[in-house]
Amino acid sequence: MYDVTVDVTVKRHVKMLSYPIGKPVITLGGQEANIRRLLDDINTSDNVPPQPEISGAPIAGQGAEGSWYDEAPRPQTARHDHRSHRHRNTRPNTAIGNRTSSGYTDNMDEDYAHDGNKARSNVAMEMTDMKEETMEGVPDLEELIKMEKEEMDQIIDMVESNKAIVISGETGCGKTTQVPQFILDHYIEQGKGSECRVICTQPRRISAVSVAERVADERGESISNSVGYSIRLESKFPRSTGSILFCTTGVLLKYLESDPQLYRATHIIVDEIHERDLLSDFLLIILKDLLQKRPDLKVILMSATLNAEQFSEYFYNCPHLSIPGFTYPVQEYYLENILEMTGYIPPDKDQGRKKFHDRGRGKWREREEELEEEEWNVQAWCRSLEGKFSPKTIDSLSRMDLEMKILDLELIYNLIRHIVSREDDGAILVFVPGWSEISDLHKLLMKDRFFNTDKVRVIPLHSMMPTVNQKEVFDRAPPGVRKIVIATNIAETSITIDDVVYVINGGKIKMKDFEPEYNMTSLEARWVSKSNAKQRRGRAGRVQPGKCYHLYTSLKETTLEDYQRPEILRTRLEELCLQIKLLKLGRIEPFVSKAMQRPSTEALRMAIENLQNLQALDENENLLPLGVHLAKMPVDPHSGKMLLFGAMFGCLSPVCTVAASLSFKDAFVIPLGKEKLADMRRKELSEGSKSDHIMLINAFDGWEHHRRTRTDGQYCWENFLSGNTLKLLQNMKKQFAEVLRELKFVRNGDVNDPSVNVNSANMALVKAVICAGLYPNVARVMKVPSGRSKFPKPPKVNLKDGQRVSIHLKSVNSDEKDFPSKWLVYHKVMKTNGVNLFDCTMVSPYPLLFFGGEIKSSMMKVNDHEERHMVTVDDWISFYASPTIGQLVKDLRKQLDRLLEDKITRPGVTNWDPKSKEGAVLKAIIDVITQEDFDQDDDSDWNNYHGGRDRYR
DNA sequence: GAGCACTGC
């Protein structure tokens, strides 16, 4: 055990080091008498745990009267059977202003981005492929109605005569708002309105709401009549039949749990399928199968134009219809044009042959040859530019790093200066990959007095910056003032800024990727795809003709992928697998193989294995009782397990805060330049807990406390918190409590009910529950660098497989010097620059012993003369312990395991009566955990022990 | 010495 070593293997970005990982640093013993007494108490308690029954409690969502999706179809009433309510053609041009002033908008808004007349001037249908339309004269109303009628008839014909169709069209063609209405209106005209229930899914919450509002508006109704929406935590259902429901993809998938054949819908429209997000790809597999079982069901897939054919092929070569759209023309410029117009001379690329790490894919030599070929192509292309571009530009192109390993911010700076001084008014939107580029470019601009004036307004935009919630992003700059927005891809789909006329496409995008062979998620900047570029370009043509500057050559553009890799190939699959089992879709592998692109066998195997280790699946992929609970909770499996334990151990509210923050996002926003101050605030909020998760609880509780005195605004401001996010987290917590009530783990759905919070103030226990949820995500602190250097480095920690990683600088533990326990549990580990733990909680030994993996007792040789007893969890987490205490811990653990298994199989409210077996066991466990036990072992002084280890690095 | 973006009756 002492010399457990890991193979010395150098893998991509992962240092596998060889050194002992098993030596304990903590000796257990202080609680021997305590545990013995507690075990005695258990043995004298009742042997049959009483099962408190929850009877008569109504289950939310089932049979709730008046809910849209459970109501039986009923006859159509007369007031809906004429189309005269629709007046979308005469709608004034207010849509954009209204939505943007309310905060977020979405690219879906583009479907009605322009004046109604313009938008509808190109409604003529084409069965052929895409055709770029330009603005024509505006037809008169009569002609418009006629054109629309033709358009509608064609779509209806196709829908009627096919089970599935694909409709493609660029943003601006109106497909999202019009197609659902065509279908409904057709049924109403036929006097069959009551037979029509259209569900239209959107990938984002905001699109679902804003499209529903727009469509209701076009029909001259308020929401909840013939049009409604349903997103998580917020629903306004339309009437039960003769109606259209816009919902998120996730909501529709949730419906499948109670209605596997989707009888609540006659038509299902899946919008934005070209985005290839995990949930739409999953839904498509299900719908494809469902068409066999429900011959009456109509499926309409809606996509952008590029590659729309592949969806038609996937759906049994179903017909494909393309709708032309309207957008203002956008002039495009490439790197060669930009160098020519700015006269900027980029730095030469590194001359020495760069060592090329292509993350293990492809062999070194092949890659070298590939590079040489690329180089040759570039030089040939440069020669072809002669005569068309100045020699200076051509020379620059041939010498610079066209791969843009590091985004050239000087180039962007020069380009912005060029636009500001030479081009007409209009906001500039710059796309860069991430925080550091936003920060650096912002500094670069502010350094220049040219930009640091009242005439220029520079706005950084990032999901974690407070500007995402501020109106100024959307506000049109006053005349003579230039607005410059520096943004991540948040401005590509989620946030729409109307007055943008100039777009600078930095060419790179940060993308999450999962590599099962390294069991590692990464987040790295890659080249954009053609569809990203197209979307970015479109951001320039919303209000008038615009210009788009791509920071890559026109040669490079030809090598860009059409689309980003679908998410299903880039993500962990645990949740997907659980859903497949919950929806009884058969064995995982064959089911997933039906996807448009199937994930690797390795990724699937890893997901299934993890679920088996979690006791969610058995060895035959059958859902175990725990798996059923986890699948029903709207969080990842680890957070789900945490919630179950939180309910059982009477600390529901704090644990819900953690689960909500981990599965959605934490509530912090950080203004540019205030990073360190924000770190300090978080550290204060952690109150010495050495836990990011406890810090989140304290931040949330502080906010709720200040709400009572209406000082929450001040509180958020001081602590860099977003009130909007906190409200969402609060609602999520309520939802979790509801779900736990349905699963019968708590009696009522109030997350703050005292009965489920008897131990909420016991932070040692809350940490233990966090540990129970996050296990086996355990890391061991290996080295705390000395604090003398100017920039103290974060502690180095090891994962179980020996990977050496850092604690991310955002974590409250990143500047921690003192770890009484060397063990951390974490939720997220990700490779960015290096490999980082993004959140962690230091845990004491007992939570690991009680909630971790298998416990073994063994002897360990300390030196030639001495051996010591120890207990070890999962063969790597070791503590010195006498044989007696080892046995006591094992006995107690056995009691706990039995209790937990029973609880999971037969859910019930916790019985705290210490005379019951359940009460006695829980009391014992809580008692031991509460006395955090950090007895240091004298002869294994941790720093000495690891002092000589540098040679391995 | 640093955090793409979504989402769940």
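Position 264 (the first sequence) corresponds to 264 in UniProt numbering; numbering is contiguous. All C-beta atoms in this analysis are idealised placements derived from N, C-alpha and C, irrespective of residue type, glycine included.
Using only alpha-carbon positions, find the residue among I697, K734, G30 and I26 that is nearest to V928.
Minimum Cα distance to V928 is reached at G30.
Can you round the beta-carbon distance between I697 and V658 to whole angstroms, since I take them to be within the 8 Å contact cut?
Indeed, because the Cβ distance is near 6 Å, the residues count as touching under 8 Å.
Under 8 Å Cβ to Cβ from P464, same chain only, skipping five residues before and after it: list those, please.
Residue identity differs from the one stated: residue 464 is Met in this sequence, not Pro. Close CB contacts of M464 within its chain, under the 8 Å cut and outside five residues either way in sequence, are with W435, F668, V669 and I670 (chain order).
Whole angstroms are fine: how far does the CA of E718 sit from the CA of G646?
Between G646 and E718, the C-alpha separation is close to 30 Å.
Do you know offhand how far residue 958's Cα is from W527's?
Any question about residue 958 goes unanswered here, given that the chain covers just 1 to 953.
For E515, which three-state DSSP category applies?
Strand, per DSSP.
Among all the DSSP beta bridges, which residues are the ones paired with K831?
K831 is bridged to S522 and V835.
Leaving aside the five residues before and after V635 along the sequence, list all residues of the same chain whose C-beta is less than 6 Å from its C-beta, in chain order.
Here the set comprises A659 and S663.
If I follow the unbroken alpha helix (DSSP H) through K744, where does it start and stop?
Secondary structure note for K744: it is in no alpha helix (DSSP H), with a DSSP letter that is neither H nor E.
Please classify K767 as buried or exposed, where buried requires at least 16 neighbouring CB atoms within 10 angstroms.
By the 10 Å Cβ count, K767 comes out buried.
Going by the beta-carbon positions, is the gap between residue 977 and C173 smaller than 8 Å?
Past the edges of the chain, shown from 1 to 953, lies residue 977, and the structure says nothing about it.
Please classify C483: does DSSP put it in a helix, a strand, or coil?
Correcting the residue type first, residue 483 is Lys in the shown sequence and not Cys. Residue state, collapsed to three classes: strand.
CB M633 to CB V784, shorter than 8 Å?
Contact: no.
Whole-angstrom C-beta distance between I412 and L371, which should lie under 8 Å
In this structure L371 does not touch I412 by the C-beta definition: roughly 26 Å separates them, more than the 8 Å allowed.
Quick check on DSSP: helix, strand or coil for Q579?
Q579: helix per DSSP, three-state reduction.
Burial state of M695 (16 or more Cβ within 10 Å):
Buried, by the Cβ-count rule.
Is R205 closer than 8 Å to T248 when the C-beta atoms are compared?
Result yes, Cβ atoms of T248 and R205 sit closer than 8 Å.
Kindly identify the DSSP beta-bridge partner or partners of S531.
None; S531 has no bridge partner.
Sorted by chain position, which residues of the same chain lie with C-beta nearer than 8 Å to L837's C-beta, five sequence neighbours on each side aside?
Within the same chain, L837 has close Cβ partners A779, V797, V805, S806, I807, H808, S811, L824, Y826, K828 and V829.
Within its chain, find whatever has a CB closer than 8 Å to the CB of S84; leave out the 5 residues flanking it on each side and keep chain order.
Confidence at S84 is low in this model, with a pLDDT of 38, below 50, so its placement is unreliable and the value that follows should be read with caution. Excluding positions up to five away in sequence, the list is empty.
Give me, in chain order, the residues of the same chain whose beta-carbon lies closer than 7 Å to that of S439; leave out the 5 immediate sequence neighbours on both sides.
Taken in chain order, the residues that qualify are L672.
So the candidates are M404, Y344 and M302; which of them puts its Cα closest to the Cα of T280?
For the record, residue 280 in the displayed sequence is Ser; it is not Thr. Each of M404, Y344 and M302 was checked against the Cα of S280, and the nearest Cα belongs to M302.
Hey, how far is the Cα of R868 from the Cα of I877?
Distance between R868 and I877, taken at the CA atoms: about 15 Å.
V211 and I269: beta carbons closer than 8 Å?
At least 8 Å separates the beta-carbon of V211 from that of I269.
Which whole-angstrom value is the C-beta distance of residue 962 and N610, which I expect to be below 8 Å?
The structure shown does not extend to residue 962, since the chain spans only 1 to 953, so no value can be given for it.
Proximity winner among I416, R422 and I490, relative to R457 (alpha-carbon distances)
The shortest C-alpha separation from R457 is found at I416.
Do you know whose CA, among V921, Q887, R422 and R570, lies nearest L900's CA?
The residue with the shortest Cα to Cα distance from L900 is V921.
In the DSSP output, which residue or residues are listed as bridge partners for I231?
Beta-bridge pairing links I231 to E234.
At what residues does the beta strand (DSSP E) containing A881 begin and finish?
Counting along the chain, the unbroken beta strand (DSSP E) around A881 starts and ends at I877 to A881.
How is R353 classed by DSSP in three states: helix, strand or coil?
In this prediction, R353 scores a pLDDT of 44, lower than 50, which makes its location untrustworthy; the coordinate-derived value is nonetheless stated afterwards. In the three-state reduction of the DSSP assignment, R353 falls in the coil class.
C-beta contact flag for F311 and V166 at 8 Å
Against a cut-off of 8 Å, the Cβ pair of V166 and F311 comes out as a contact.
By Cβ distance below 7 Å, which residues in the same chain neighbour T467 in space, the five residues on each side in sequence not counted?
Beyond the five residues adjoining it in sequence on each side, T467 comes within less than 7 Å, by CB distance, of I459, P460, L461 and V473 in the same chain, given in chain order.
Does DSSP put L765 in a helix, in a strand, or in coil?
In the structure shown, L765 falls within a helical segment according to DSSP collapsed to helix, strand and coil.
For I670, which three-state DSSP category applies?
Three-state DSSP puts I670 in coil, outside helix and strand.
Looking only at C-alpha atoms, which of D902, D874 and Q261 sits nearest to L799?
Nearest C-alpha to L799: D874.
Rounded to whole angstroms, what's the CA-CA distance from S168 to Q261? Just pull it up for me.
About 26 Å.
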